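Only one structure is covered here, and it is reproduced in the block below.
Numbering (my numbering), first residue to last: 1 to 141.
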């Protein structure tokens, strides 16, 4: 069905007809084959899908499956300023503040080449601690 151009889909819908003049799907398949012998033959399933799509949505065009989130420049600027003030602000917090998905925030931050930092606990060396480079590394002579 996706290989059919929109003009042929409209023609199929006109062949189906409406009201008292409606044709069966088998009649539409036969009529389409007679009208367009040079095209690959359609089956009844294709006609059924085109008709169902038209009855459900009111048109025969494909509906985009994924909607891109629209983020204005002010929101982006607010995110960048929040990261300047506190670089450990999580992306999920920024997303909650602006009512967007956290992956949207991460994509935009990646595009802007900014990364929220993740704090990690590390142990610092004290003055009394021996130098770890000298311990455990015997010298060979």
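Virtual Cβ for every residue (Gly too), placed ideally from N, Cα, C.
Bear in mind the structure is a predicted one, so any value in this text is a computation, not a measurement.
Residue j beta carbon less than 9 Å from that of residue i
i           : j           : result
residue 106 : residue 82  : no
residue 28  : residue 16  : yes
residue 127 : residue 80  : no
residue 76  : residue 108 : yes
Anticipated Cβ contact below 8 Å, residue i with residue j, distance rounded
i          : j           : result
residue 71 : residue 100 : 7 Å
Neighbourhood of residue i by C-beta, 7 Å cutoff - its chain only, sequence neighbours within 5 removed
i          : result
residue 44 : 25, 26 and 29
residue 94 : 79, 82 and 105
Same chain only: Cβ atoms within 8 Å of residue i, ignoring 5 sequence neighbours per side
i           : result
residue 23  : 15, 16, 17 and 31
residue 115 : 109
Residues near residue i by beta carbon distance below 6 Å, same chain, minus five either side
i          : result
residue 96 : none
inquiry  = As an exercise, report each continuous alpha helix (DSSP H) stretch of at least 4 residues that is fully enclosed by the stretch 9-86, in chain order.
reply    = 25-35, 44-57 and 73-85
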